[in-house]
Structures are given as structure tokens and as C-alpha cells.
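The sequence shown begins at -17 in my numbering and counts up by one. C-beta: ideal position from N, C-alpha, C; glycine also. Right, one structure below, let's go through it.
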Amino acid sequence: MIVLVAATAQGQEAPDVPAPKRNAAKLAGLVGFVNINCDKLRTDQDRFKSVIRSMGVDPDELDRDALLLQAQSYLAAYQKDVPGSCQKADELFGRSGRIIPGVFLAR
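Shown next as C-alpha cells:
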């Protein structure tokens, strides 16, 4: 298992992020990645926010502090293989996604 550790602006490690929040940050990073890199996919923002809320996370939390840093680190990880990450995003979260369908739609 790979654990990404986010650092604060002062260079200190961020506190351990609970699994539901870490998963929300991971999905937020993927959303950011898709919006920037995948020409055939776009995010259904309402569906994304609904999924984040179902994880017990306020979507606004993703825009600050440790969760923002986590999301940014995931986005950077997805960028290491743009075609593969776009394909995986569609397979897992696209219209017929295996994990959570409908987060990403065709452009």
C-alpha cells in the first residue's frame, strides 16, 4: 500500500487524514486531473458533490488545508500516465463506471 504524505506550507507533514476524507481527496484529485487532461471526459459537478457528501465530507473542505494538499498530490500522480489515467477514470467513474457511475460524462 502506498501512502501519500502531504506537507504544509511550512514543510511539516500534514496530520493523518481519515480514510473517508482521503478517498474524497483522491476523487477530487481525479476530478481536477480529468478536467485538465481528458478531452473526452468532463465532470458532472452535482454528481461529484453528491458522492463527496455521501462519504461524509463537506465538498468545501476539499479546497483547504490537508485535503487540498492531498488532492493536489493525487492529481500529480495521475499526470504520470495521462492516457492510462483518463481511461481508468472512465472505467471506474464514467457513465457506466464500476465504482461510482456518472461522476464523469462524455464531453
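Give the secondary structure of residue i by DSSP, where H, G and I count as helix, E and B as strand, and everything else as coil.
i: Arg121; result: Residue 121 is absent from the model: the chain starts at -17 and stops at 89.
i: Cys68; result: helix
i: Ile34; result: helix
i: Arg77; result: coil
i: Arg46; result: coil
i: Val(-1); result: coil
i: Asp40; result: coil
Which term fits residue i, buried or exposed, when burial requires 16 or more other beta carbons within 10 angstroms of its beta carbon?
i: Gly76; result: buried
i: Arg35; result: exposed
Taking DSSP's pairing of strands, which residues face residue i in a bridge?
i: Phe86; result: Thr25
To the nearest angstrom, how far is the alpha carbon of residue i from that of residue j?
i: Asn19; j: Lys70; result: 13 Å
i: Asp47; j: Pro41; result: 13 Å
i: Asp28; j: Gln52; result: 22 Å
i: Glu73; j: Arg80; result: 6 Å
i: Leu44; j: Gly66; result: 25 Å
i: Leu49; j: Asp(-2); result: 10 Å
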